[in-house]
Amino acid sequence: MRIIAGSAGGRRLRTLPGTRTRPTADRVKEAIFSMLTAQLPGSRVLDAFAGSGALGLEALSRGADAAWFCENNAAAARICAANIEACAFAAARLITGDLFAVLTRLRREQPLLRFDLIFLDPPYAQGLLERAMTIIARDCWLSPDGLVVAESAAAQESPGYAGFTLIKDKKYGDTAVRFYRPAGAVDQA
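So the numbering used here is basically just the index in the sequence shown, starting at one, shifted up by 7.
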């Protein structure tokens, strides 16, 4: 796995060995970022369920202003920290812990914080994606013209989420990538 383009393009990233995490394949990542070109410059990014941090690091490499990484698995968080350090992105912040507890704490610390781009790639079939989308909408984590990029199993139907409009639904083998905007936002993707 590597960073595909931008200031850190070509840099190899470490991943957690074994099958406990499921890193986004380079071809899927390349497809995602080809659709985000206009969204990235100057953006604030949340890489939730970050694993190796590949999505947030790719965003920083391509011009995002800042990225927050959240990972609950301690071993994966250490890999993510090593990747952040290797890329030397000063605007990267790793928070180890349960996403939902982290968001609660962040809201207290930074009540006006919003993200322009949120990556959600949780473990499949555990209800985490649904829960995350609910909390993102309820607590206004996404900027009005922001975008959520959610990965799930391709076999899972395209779910609708209150407060969001599905604008793109792409399948890459056994992975589905879905793009959501806040309901009522103008489509720019």
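Cβ coordinates follow ideal geometry from the N, Cα and C atoms, glycine included.
Bear in mind the structure is a predicted one, so any value in this text is a computation, not a measurement.
Spatially closest choice to residue i from the options, by CA coordinates
i       : options                            : result
Gly-16  : Phe-40, Pro-24 and Pro-30          : Phe-40
Cys-147 : Leu-101, Met-8 and Asp-123         : Asp-123
Lys-178 : Pro-24, Val-35, Ile-11 and Glu-137 : Val-35
Delimiting residues of the beta strand (DSSP E) encompassing residue i
i       : result
Phe-126 : 122 to 127
Ala-157 : 149 to 160
Ile-102 : 99 to 103
Leu-173 : 171 to 179
Residue environment, residue i, which counts as buried when at least 16 other CB atoms sit within 10 Å
i       : result
Leu-119 : exposed
Thr-111 : exposed
Ala-160 : exposed
Pro-129 : buried
Ala-98  : exposed
Asp-54  : buried
Glu-164 : exposed
Pro-24  : exposed
Backbone secondary structure at residue i - three-state DSSP
i       : result
Thr-31  : coil
Thr-22  : coil
Ala-139 : helix
Ala-183 : strand
Extent of the continuous alpha helix (DSSP H) run through residue i
i       : result
Arg-114 : 106 to 116
**Asked** Can you list the alpha helix (DSSP H) stretches of 4 or more residues lying completely in the stretch 34 to 93, in chain order?
**Response** 61 to 68
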